[in-house]
Each structure stands twice: as C-alpha cells, then as structure tokens.
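Residue numbers (our numbering), protein chains in the order written: chain A, 1098 to 1515; chain B, 1098 to 1515.
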C-alpha cells in the first residue's frame, strides 16, 4: 500500500472503531488507561530501545540539543506519562451526562446528553509523550484517536501506540480506535486532512508554521491557536507591589510558553513611579525592556520598541512596554495586537475591572492575577489537550468536555405535533 | 469598486462594527428589534414595491409558482416577521451570563462568561424573510451579521437590510453591523468565503448543492446540515395505535421539511399485524410505501424498495419501510443510512429505550415522540437559526446560545503561579 491507501485505511478503521469506543463504560475506559500506565513501566526497556533509534537518527541528522532533549523518553518523562494516565483515569467521565432537562408545553421531556465527538486527529511535533497524553484524553472522552507525530519520533510513537493498543485489547475494547501513522512521509498529513468523512476534528500542536499549514489545508474542522501575545495593563492606582509580582511571574517564571506575558501597558498616571520600580525588578530577573518613547524616558536601560515588537510573541526574557492614557487606550492596544489568548488588568477600580472582563475579547480575561494561570489544570479542567483561540466549539484551554458534544434526547409518551 | 472590493470592504466594516454590537446593552438590542418591527409595518408599501421588482423579474425569468410564492413578501409574511422580531426581543439575552464559577486551590476565582461569536454570515436562497429572522437572532446574540440572500430576492433583501440599519441608527447602534450584499454576482459568495479574518462563522441555508458548495469552498467554519433522513423504529411490543400516530405525524403532517420521517423500521415480531394496520392509515393519508421484501409480502400496495430508497430524503408523501430482526439491526440500519438529524424509537421496553437514547448518533434521539418535534421552538430554544448535523460547536437546532461562545474570566487578588 502507498501512503494514501495506508492513511485512508487507518481513517476508515478509526471511524468504524469509534462506535465501540463511544459505547465503552467508564470502568473499561479507566482500565485501558491504568493498564497502559502499568505497561509503560513494564515495557520501559522496549520503549527506550525504540526511542534510542530516534535519538540516534536525530543525532545523525544534527538535531539541536534542545530538540534531542524534547525527543528523549527518559525515566522522568515515562514517569510523567504514567502520572498523567492515572490523573485522567481519576477524572469524572463526561460521556452520558444529561442536563437542561425540561418538560415542554407539548408534553415531551427534552434534555441534552453529552457524547463523544467521534474520531479526533492530533498532528504534533517532536515530543513523543503527546502520543500517550493525547490518546488518553481522547479515549476517556469516548473518542477514537488518529495520531501523527513528528517524523523524528516515529519509532517512539509507534512503540507507544502499540502499548496503547495492547492495553485496549487487554481491556476488551477495539484496538483499532488508536491509530498511529507509522510513516515519516509528509504526504500522510495531506491525506489525513482530506478524511472529513472519517475524522471529526483535527488538533495541531506545535510551531506556528505547522498550525498554519493544517488550518490552510484541512477539510476537517481544526481547533488551534497560533500564538499567545498576552498583555497586562497596570491601571491607575494599582498596587505597585502586586503589579510587579504579577508582571514578573507572567514574564519570567516560564518565558517560553504561550501564557507568558509579552507586553505590559501602564497607565500614564502610574508611569513615573511604577516604571522605574518594576524595571529594577525586571532587570534583576534578566528581562530586557523594549519601550515606547515615554517608557524609554523613564527607564534608561530600555531599548526603543519597533513596530514589530507590539504583535511579537518573544517567548524569551523580553517585555514590550507602553504607556497608555486610560483603560480605553489599553483595550484598543489589546484589540489591535493581542492574539485572543490571555489578557490581564491590575487595578483597584471596581468599574474598570468589570469593563475589562466584559469588553476584552480573549479566551481568558483576568483581574489581578498572573497570565500564567491560563491553563486547563489551573482552571480545573483536569488535563488539557490544547488551547483554542477561535470561538467556535471551544475558546481557551480544552479539557475532556471540549472533546465531547451534546445531542438532544426526548422522552415522550406518544406525543405528536399539532 | 468591483465585487471583490465591495465584499472585502463590507466584511471589514462588519468586523469593526462587531465590537460595538458585542457591547450593546440588552435594552438597546431589544430596541433595535422592536423598532425594526414597527418600521416593517410603517414601510410595508416600500417593502412590497421593492419585492414587486423581484417578483416581476422572477416571472420574466420563468420561476415556478412555488418559487414565486417563497419570494413574495405578502402581508402575512411581513406580519410573521414582525411577530418573530417581537419573540426574539422577548427572549433572555445570553450575552454576559456567567456560570461554572469556582474557587481554585491557587485562590483565583474562575468562571465562564458568555460572549458573542463576532461576525456571522448567512448564505441563503429565495425567502427574503430570512434577512430579518437571521439578522434579529444574530444581533440579539451580540453579533454583527453579513447577509447574502438569493439573487432573485436582491431588491427585497436590500430593502429589508436598509430598514434594519435605520433601526440600528435610531437605537444608537453602529449600523455597519448589518451588511447585505447588494449584488447578484455569484463571485460575491466566493469572496465572502475567503474573509476568515473578518467573519467567524458561515451558516448556509438552502438546498444541498448550495450547502455542499459553501462547505467545500469556505475558509471560515461552517455550521450546516445537508439533509434529514429520519427513521422511526417500531420495536417489539410497541403500542400499534401510538406507533401509527407517530409515523403518520412524522411523515404526513409536513412532508417537505427536514424533520419529516423518511424510513420506518419495524421489528419482525410486529410486522405481520402492524404493517397492514399502519399501511391502511398511510394509504388514507396518500403516502406511498417503498418496502423491503417482507413488507411487500404483507402490504400488497407497497412498491419494492430499491437501494437508493434507503438513504433518500423524499421530502414527499413517500415512506421507505423495512422489517428488521431486532434493535441492533435497526440501529445498524440507522448508522448506515441516517443523516444524524433525528431518530425515533417507539417501544414499551425500558432497556431498549435507554440503549437507543445512548447509542444512536444523531442530533436528536427520541423515545415515543414524533420526529417533527426536532425544532428549536419545540425544544425551547426560542427561534432557531438553523440545524447542525456535525458535532463541533452545535449539534441539532441552533438558537441564540449557539450564536455565542464562552470565555474564561478570572477574579484574583494578586495571585501568581508557583
């Protein structure tokens, strides 16, 4: 079989198996997850042998140390996968939940029942642990899963997929609900994105170019976010100590992630005192400031910001800083340059907090808290499979519930429509 | 300006105006709707003069009487638009609703606030009253709206759009949030479907070919249903009187709509007595039966079904009938030929009712009730803007809530992430 035939066959198998997965009782789904966890421990040698083939090939190809690090299934990474599986097994099963049940004037009783989406495809880059994490969330939500990892991790991914399928068979489920693309051929992604009759949703995870490629070429709905350009607005009267703490945490705690801060906006009434105060703290943390003209006048070590700095996702210890006249100017800046990910106001003012929460269009809008809380675990969703910055279906971190849909159910006693 | 420039400019205007629409208080949105209702009455002559131009052109083009009927803005149709506007004004405003508010271990308070989607585009065919109905629902949910009606109704649609914009201006809202494509050029649809930066959702309403065209060519997410191939399964032991009533209502009350029945499945234990009983009633109602071999043996006037009859949406007084061995065979048939719209079981059996509700994959699954209830109004959503038979974002009838999304909101008191 060529790549097209292989991927099409896998997609059909996933579609067929999805009916079995959707009907699995919670206990069986949890069995699959805990059995997988046990097998990961038992088959650690096998996994690390396969992973070594990828690492060896990666070294030959000249992958950077950072890339090789992401690729490695160390004992620590395997232990983290095991913990993740146990956590997902412990989460409540969303499938079958019924709510909004009402008696209608016609006599029928109408409600909504939560159901799996069907077949969920993940397209991701180097980290092979995504194979386990993503499959576990999809399966717990009753979905079949179609996995296409990075080509440099293909042996690791196939090994992890094999363990998942063994665990499914051992638990009495249809193993065809887990499909791992076994080839490094890039054509596989193109064919995958055409399988709209067999795949219900695609979630790309990786760099912006991967995500843009998937969004531009998919016939299947895509849930995605391109980047996180998060702002914090320090309002008039903000507590300087609190503001500095939130800014430092947002920028410096983990600069390489999408909920890190990229831009600080400061009310002009606070600029003169707050900017030198926070700049000293930022300097201690090794953060470079790229400021507007007013900022540079108040902070001698700041570099002048260029227009490209305002929409930039630095993912580094760099912070763009701008002084603004008022709340409206701050919200205009966010509307223009933000990426609809996470936006923060630091304010003592009740009315401004309410306006910011209501009017700012982003997946997460916060008052007096660090942008770093924008995360499925921190929000209480359990594990997250990704983040959506478009509003259809899901907006923000996506957990188990976001991997389901709701159908209408009707209990009647012979009612007909007049 | 050529068509491309016109549509692109309109899309940008809608995007800009959407921020204003999203922030409108409920009272202003209701004002817009009731003012529009009043203007429809006051400007009845203007509307009907513009509509007469479309009707005249339609007659010259040789449109069928049914098409001309759909095109006509008679007094009755205008009165129905007025009532629709008043009903939508009376519905609760979903925007701003906050739920799922919880205190997290970190100390932050996290919840979800309902927000508009942004800009919603409708692409529809001949009925110009959709211009008012769709715009009213979109505006009440805080969205800007981009309308592209049938080319044969262009004068009517432009007139109705003008009234909507007058009502918006009179209520102090930004009239640019209502955009009606003023041209009959088909290229306008192609350009519209490329405006993914300005339009958040496309809802096509019309024949299957229109919907397939939109789905195949859109870069914007599409909510759609192609057709309604609805089944009713008459289970072993079903009350024959109740079953016949539900079948007759499903098939004959309004055969041209998507929630009408197309196929009846009958448990073999009931076939011998139930089929002649229901066939007599169906005959009285003028319904033609296309039956499987067993059906034809029991119902002499039945025609033999051909393979194309099973997936057919007849939209006419024709019913496909098949005898099946048990519930599983019925569910297999539905899984194979159904369109995921509405599926009904008529049963006295508790366990079978629960299995059917749980296992059948359709937007609405019903026990002992007519498929004709599958409707936003009957389900209690208020008016509906369409029906979705794919699971992303909405599944089934879509009301005001389905024209919104939810963002996360966080109330903090200086919390940072450890």
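Note that CB positions come from ideal geometry on N, CA and C, so glycine has one too.
Keep in mind that this is a model prediction, so the values were computed, not measured.
- Along the length of the segment 1389-1442 of chain B, whole beta strand (DSSP E) runs at least 3 residues long occupy 1415-1421, reported in chain order.
- Bridge partners of residue 1360 of chain A according to DSSP: A/1328, A/1417.
- Burial check for residue 1352 of chain A: the Cβ neighbour count within 10 Å reaches 16 or more, so the residue is buried.
- Each of A/1108, A/1504, A/1229, A/1212 was checked against the Cα of residue 1136 of chain A, and the nearest Cα belongs to A/1229.
- Distances from the alpha-carbon of residue 1405 of chain B to those of B/1426, B/1425, B/1380, B/1433 put B/1433 closest.
- Under the Cβ distance rule, residue 1326 of chain B does not count among the residues neighbouring chain A, no pair being separated by less than 8 Å.
- Residue 1226 of chain A sits in a helix when the DSSP states are folded into three classes.
- Residue 1258 of chain B carries a helical assignment under DSSP once its states are collapsed to helix, strand and coil.
- The continuous stretches of alpha helix (DSSP H) do not include residue 1098 of chain A, and DSSP gives it neither H nor E.
- DSSP places residue 1188 of chain B in no alpha helix (DSSP H); its state is neither H nor E.
- When DSSP states are grouped into helix, strand and coil, residue 1109 of chain A belongs to the helix group.
- For residue 1314 of chain B, the three-state secondary structure derived from DSSP is helix.
- A direct Cα-to-Cα measurement between residue 1121 of chain A and residue 1320 of chain A gives close to 25 Å.
- Fewer than three beta-carbon pairs drawn from the segment 1418-1428 of chain B and the segment 1305-1323 of chain B are found closer than 8 Å, and the two stretches are therefore not classed as touching.
- Taking CB atoms only, residue 1463 of chain A has a neighbour in chain B less than 8 Å away.
- For residue 1126 of chain B, the enclosing alpha helix (DSSP H) begins and ends at 1123-1139.
- Using a CB distance cut-off of 8 Å, residue 1353 of chain A does not count as an interface residue toward chain B.
- Per DSSP, residue 1166 of chain A is one residue of the alpha helix (DSSP H) stretching across 1162-1168.
- Look at the beta carbons and you see the segment 1168-1179 of chain A not touching the segment 1099-1116 of chain A: under three pairs across the two are nearer than 8 Å.
- Annotated three-state conformation of residue 1501 of chain A is strand, per DSSP.
- For residue 1474 of chain A, there is no enclosing beta strand (DSSP E); the enclosing alpha helix (DSSP H) covers residues 1473-1476.
- Contact between residue 1326 of chain A and residue 1275 of chain A fails: their C-beta atoms lie close to 35 Å from each other, not under 8 Å.
- Residues 1231, 1244, 1300 of the same chain have their beta carbon placed closer than 6 Å to that of residue 1219 of chain B, with the five preceding and five following residues left out of the count.
- At a C-beta separation below 9 Å, residue 1442 of chain B has no neighbours in chain A, since its nearest C-beta there lies roughly 10 Å away.
- Within its own chain, the residues whose Cβ lies closer than 6 Å to the Cβ of residue 1401 of chain A, once the five positions on either side in sequence are excluded, are 1393, listed in chain order.
- In the DSSP assignment, residue 1384 of chain A falls outside any alpha helix (DSSP H) and carries neither an H nor an E.
- For the segment 1313-1341 of chain B, the residues whose beta carbon sits under 7 Å from a beta carbon of chain A are, in order, 1318, 1339.
- Of B/1251, B/1254, B/1291, B/1127, the smallest CA-CA separation from residue 1104 of chain B is found for B/1291.
- The criterion of a C-beta distance shorter than 8 Å is not satisfied by residue 1238 of chain A and residue 1489 of chain A.
- Rounded to whole angstroms, the separation of the alpha carbons of residue 1380 of chain B and residue 1347 of chain B is 15 Å.
- What residue 1510 of chain B touches in chain A, judged by beta-carbon distance under 7 Å, is 1465, going in chain order.
- Of the candidates A/1364, A/1296, A/1375, A/1151, A/1296 places its Cα closest to the Cα of residue 1317 of chain A.
- Neighbourhood of residue 1203 of chain A in chain B, by CB distance below 8 Å: 1470, 1475, in chain order.
- For residue 1399 of chain A and residue 1445 of chain A, the gap between their C-alpha atoms comes out near 27 Å.
- For residue 1221 of chain B, the enclosing beta strand (DSSP E) starts and ends at 1216-1221.
- The C-beta separation of residue 1269 of chain A from residue 1233 of chain A comes to about 18 Å, leaving the pair out of contact by the 8 Å criterion.
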